[in-house]
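The block underneath contains the structure these notes are about, expressed in structure tokens.
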Amino acid sequence: MENIIFEGELKNGQPIEMRKLFTGQLPQILTLQEEVIEALEVKERLQPLTEEEFRFILDGNGEMIGVYTDGEMIAWRAMLVPDNDHEGLGRDVGVPEEEIGKVIYQEISAVSPKWRGFSLQTLMGLVLMERVDADKHRYVCSTVMPGNIPSLKDKFKHGLEVRALKEKYGGKLRYVFFKDLKTQEHQRTESREIPMDDIAGQQALLADGWAGTAMVEDGNGWFVRYER
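When you line the sequence shown up against the numbering used here, it's residues 449 to 676, in that order.
Written out as structure tokens, the structure is:
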């Protein structure tokens, strides 16, 4: 089928292909989003998109890709070109006002509960990040709920780092992630790890110029590594 942008196979040998999605696939997109929400133990982990928001992306304000196997859509992921940084993520992380038009969001992703454990979220993210036009979109931003371990791992794997931890979407606590596609990684000389559930401690570090660069797990739970 046309619009195939990637072909491969999962670790169990199942062949998959990724396709660029259009408004014609909207019913499948919405059905899969519902399937994912139904399976979530903590519904707040996902900030679902409305049909209008999906249409905005599919009408040329970003890109969505879907993973198919045996003709069935089993996952999708979106990048959104926001209307004047409408969720404020670029401004949250200090993108200069004259550069706000160069912000793009790593948006929502959905993987069918039947196909978890195959790193589909990360694979889709790698494909989408490679497709970003860095001349148009210099800054990548995203949000993740503290405790959403798969999505946090995903963002760090793509080289994004935490630059803010604040309430978004009407009072929901979120990490705000950031990556500058034109700047080489910073040389940092200080590092410390702080419990993920120590919200005030992390906010104090972020206010003092630290950035969250990785996460680690030990017997006491999850920690975020901050560097500056």
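Ideal Cβ positions, reconstructed from N, Cα and C, are used throughout, including at glycine.
Check for me: the alpha helix (DSSP H) holding residue i runs from which residue to which?
i, result
"S599", "I597 to K605"
"G538", "L537 to D540"
"F504", "E499 to L506"
Could you have a look at residue i and say whether DSSP puts it in helix, strand or coil?
i, result
"M449", "With a pLDDT of 49 at M449, under the threshold of 50, the modelled position of that residue is not reliable, and no figure is offered here."
"K620", "strand"
"T471", "helix"
"Q476", "helix"
"E545", "helix"
"E483", "helix"
"F454", "strand"
"G667", "coil"
"V575", "helix"
"G649", "helix"
"G461", "coil"
Could you please give me the residues that DSSP links to residue i through a beta bridge?
i, result
"D628", "Y587"
"K614", "R622"
"V515", "M466 and A523"
"R673", "E641 and A662"
"S677", "Residue 677 lies beyond the stretch modelled for the chain, which goes from 449 to 676, so this question has no answer here."
"V551", "Y587"
"E609", "F626"
Shortest alpha-carbon distance to residue i belongs to which of the options?
i, options, result
"I522", "K616, V484 and K601", "V484"
"G607", "L621, K614, S590 and L613", "S590"
"T471", "E457, G514 and L494", "G514"
"S681", "R525, G519 and I477", "Only positions 449 to 676 of the chain appear in the structure, and residue 681 is not among them; the question remains open."
"M466", "L478, L576 and V592", "L576"
"E520", "P530, P475, A612 and R676", "P475"
"L600", "Q481, F671 and E457", "F671"
"M616", "A558, T570, Q462 and Q495", "Residue identity differs from the one stated: residue 616 is Lys in this sequence, not Met. Among A558, T570, Q462 and Q495, the Cα nearest to that of K616 belongs to Q495."
"L613", "D602, M593 and K603", "M593"
"L480", "W658, L654, A655 and K562", "K562"
"E547", "L528, D645, R673 and Y587", "Y587"
"E457", "R539, D518 and V490", "D518"
Between the alpha carbons of residue i and residue j, how many angstroms are there, rounded?
i, j, result
"N596", "V664", "14 angstroms"
"L629", "G649", "28 angstroms"
"M449", "L469", "With a pLDDT of only 49 at M449, under the threshold of 50, the placement of this residue in the model should not be trusted, and no figure is reported."
"G667", "P643", "12 angstroms"
"G660", "Y623", "9 angstroms"
"K584", "G510", "12 angstroms"
"D533", "G669", "34 angstroms"
"T498", "M512", "14 angstroms"
"G618", "G461", "43 angstroms"
"V541", "F604", "16 angstroms"
Where do the ends of the beta strand (DSSP E) carrying residue i lie?
i, result
"Q495", "No beta strand (DSSP E) contains Q495, which DSSP labels as neither H nor E."
Establish whether the CB of residue i and some CB of chain C are separated by less than 8 angstroms.
i, result
"G456", "The displayed structure is made up of one protein chain only, and chain C is not part of it."
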